[in-house]
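First residue of the sequence shown: 1, per full-length UniProt numbering; consecutive thereafter.
Take a look at the structure set out below.
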Amino acid sequence: MPQHVRGVVARAKGEPVRVETVVVPDPGPGEAVVRVQACGVCHTDLHYREGGINDDFPFILGHEAAGVVEQVGPDVTDVAPGDFVILNWRAVCGRCRACRRGRPQYCFDTHNARQRMTLIDGPELSPALGIGAFAEKTLVAAGQCTKVDPAASPAVAGLLGCGVMAGIGAAINTGGVGRGDTVAVIGCGGVGDAAVVGARLAGAVKVIAVDIDDRKLTTARSLGATHTVNSRTTDPVEAVRDLTGGFGADVVIEAVGRPETYRQAFYARDLAGTVVLVGVPTPEMRLELPLLDVFGRGGALKSSWYGDCLPSRDFPMLIDLHLQGRLDLDAFVSDTIALDEVEEAFARMHKGDVLRSVVIL
Numbered sequence: 001m002p003q004h005v006r007g008v009v010a011r012a013k014g015e016p017v018r019v020e021t022v023v024v025p026d027p028g029p030g031e032a033v034v035r036v037q038a039c040g041v042c043h044t045d046l047h048y049r050e051g052g053i054n055d056d057f058p059f060i061l062g063h064e065a066a067g068v069v070e071q072v073g074p075d076v077t078d079v080a081p082g083d084f085v086i087l088n089w090r091a092v093c094g095r096c097r098a099c100r101r102g103r104p105q106y107c108f109d110t111h112n113a114r115q116r117m118t119l120i121d122g123p124e125l126s127p128a129l130g131i132g133a134f135a136e137k138t139l140v141a142a143g144q145c146t147k148v149d150p151a152a153s154p155a156v157a158g159l160l161g162c163g164v165m166a167g168i169g170a171a172i173n174t175g176g177v178g179r180g181d182t183v184a185v186i187g188c189g190g191v192g193d194a195a196v197v198g199a200r201l202a203g204a205v206k207v208i209a210v211d212i213d214d215r216k217l218t219t220a221r222s223l224g225a226t227h228t229v230n231s232r233t234t235d236p237v238e239a240v241r242d243l244t245g246g247f248g249a250d251v252v253i254e255a256v257g258r259p260e261t262y263r264q265a266f267y268a269r270d271l272a273g274t275v276v277l278v279g280v281p282t283p284e285m286r287l288e289l290p291l292l293d294v295f296g297r298g299g300a301l302k303s304s305w306y307g308d309c310l311p312s313r314d315f316p317m318l319i320d321l322h323l324q325g326r327l328d329l330d331a332f333v334s335d336t337i338a339l340d341e342v343e344e345a346f347a348r349m350h351k352g353d354v355l356r357s358v359v360i361l
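Encoded structure:
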């Protein structure tokens, strides 16, 4: 029987979000209903509200979530009611050419629930990243549910669902950071800070954090950066070279998504080094580089989508590291808020006052 729950809805571009009554249908084949326990407030949710993703309003926002499976539909075998799960937006198909070649993290046909949640007055809702977890309960594809150790706090576990996973994965999965490497991270928001953490986890000997905000640089240092560079006052390319014996970093992670910062990353790497783009650009942005420099410097230019993660592989591993005291996920939680405080959290995030606000349900 369909359930009525409270959820945060963006009805039109730029309008403040509000808590409304959402109708959650019974799960169909391959679907699950999850009782949400916590959900992080991510920049992507703000982009949805501002029409920066698409104009498929109204949206039900929220996607960095953890909770407990309440119901499953027919043919669901991987999760069951009572399982503590992190939600992800990459339910792999198992059939496409990437999956058949043993590379499901690059699945070309990821999917979400087939049914839509609706507002009580009728309109269908578009769930942010196929999740829509600023709600007491949400409907997802069962493959979007990854079981993890229930000893973890939902407030920190859910952060692996997007930004923290993207940053850690950019360092470990995409960048291949190894023991003794030097790493530079350009842009120290949530994703960049997670890349700092990932680089240290992988054994990097030197991690250089680059940003234009001293507050963010202080946070990056607290999370493991060995050096910081304020690129508002210092040339970041020269600074990274100076800190790496004149050579440049082995891996440079660009977590901003702008042409000018990508060029900085390109020239701040060592010969045969690696550049990883994990910052998300906008459609109109264009990049111009001398092709001879691309050829002559060698190495690799990579893009990292969701940290090249495979949730079934990466989420349980990272939760285990957290529970062992080797990955401080609590450091990413700036404050906890109620469901009706999301709009205020957007304002604080826009000002750069928080790393992550987390909605507790």
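Note that beta-carbon positions come from the ideal geometry of N, C-alpha and C, so glycine has one too.
7 angstroms CB neighbourhood of residue i in its chain, flanking five on each side removed
| i | result |
| --- | --- |
| Lys137 | Gln3, Val5, Val24, Val33, Val34, Arg35, Val36 and Glu70 |
| Val334 | With the sequence shown as reference, residue 334 is identified as Ser, and Val is not the correct amino acid for it. Answer for Ser334: Val354, Leu355, Arg356 and Ser357, listed in chain order. |
| Arg90 | Cys107, Thr110, Tyr306 and Pro311 |
| Gly262 | It should be pointed out that residue 262 corresponds to Tyr in this sequence rather than to Gly. Glu254, Leu277 and Leu287, listed in sequence order. |
| Ala152 | Ile319, His322 and Leu323 |
Beta-carbon separation (whole angstroms), residue i vs residue j, contact threshold 8 angstroms
| i | j | result |
| --- | --- | --- |
| Val342 | Val72 | Val342 to Val72, Cβ: 28 angstroms. No contact. |
| Leu119 | Val19 | With 8 angstroms as the limit, Leu119 and Val19 do not qualify as a contact, their Cβ atoms being about 12 angstroms apart. |
| Val17 | Leu61 | 6 angstroms |
| Ile360 | Thr336 | 5 angstroms |
| Ala345 | Gly158 | About 14 angstroms separates the two Cβ atoms, so there is no contact after all. |
| Gly125 | Pro27 | What sits at residue 125 in the sequence shown is Leu, not Gly. Actually they are not in contact, since the Cβ atoms of Leu125 and Pro27 sit about 16 angstroms apart, beyond 8 angstroms. |
| Asp270 | Asp250 | 6 angstroms |
| Asp83 | Lys147 | 5 angstroms |
| His43 | Met349 | 7 angstroms |
Residues of its chain near residue i, where Cβ-Cβ distance is below 6 angstroms and the 5 sequence neighbours each way are ignored
| i | result |
| --- | --- |
| Phe108 | Cys96 and Ala98 |
| Thr174 | Val276, Lys302, Ser304 and Asp308 |
| Thr226 | Lys206 and Val207 |
| Gly130 | Trp89 and Asn112 |
For residue i: DSSP bridge partner residues
| i | result |
| --- | --- |
| His227 | Ile208 |
| Val148 | Answer is none; Val148 lacks a bridge partner. |
| Cys162 | According to DSSP, which records beta bridges pairwise, Cys162 is partnered with nothing at all. |
| Arg269 | Ala249 |
| His4 | Val23 |
| Ser304 | None; Ser304 has no bridge partner. |
| Asp335 | Ser357 |
| Gln71 | Val33 |
Proximity below 8 angstroms, CB of residue i to CB of residue j
| i | j | result |
| --- | --- | --- |
| Tyr306 | Ala113 | no |
| Gly198 | Ala170 | yes |
| Ala268 | Ala202 | no |
| Ala65 | Gly189 | no |
| Val210 | Val196 | no |
| Pro281 | Arg258 | yes |
| Thr228 | Leu243 | no |
| Val256 | Gly273 | no |
| Val237 | Ile186 | no |
| Val164 | Ala194 | yes |
| Leu87 | Cys145 | yes |
| Gly7 | Gly132 | yes |
| Phe59 | Ala135 | no |
| Phe266 | Leu289 | yes |
8 angstroms CB neighbourhood of residue i in its chain, flanking five on each side removed
| i | result |
| --- | --- |
| His47 | Ile53 |
| Arg143 | Inspection of the sequence shows that residue 143 is occupied by Gly rather than by Arg. Hits under 8 angstroms: Gly30, Asp78, Ala91, Val92 and His111. |
| Asp56 | Ser126 |
| Gly298 | Leu271 and Ala272 |
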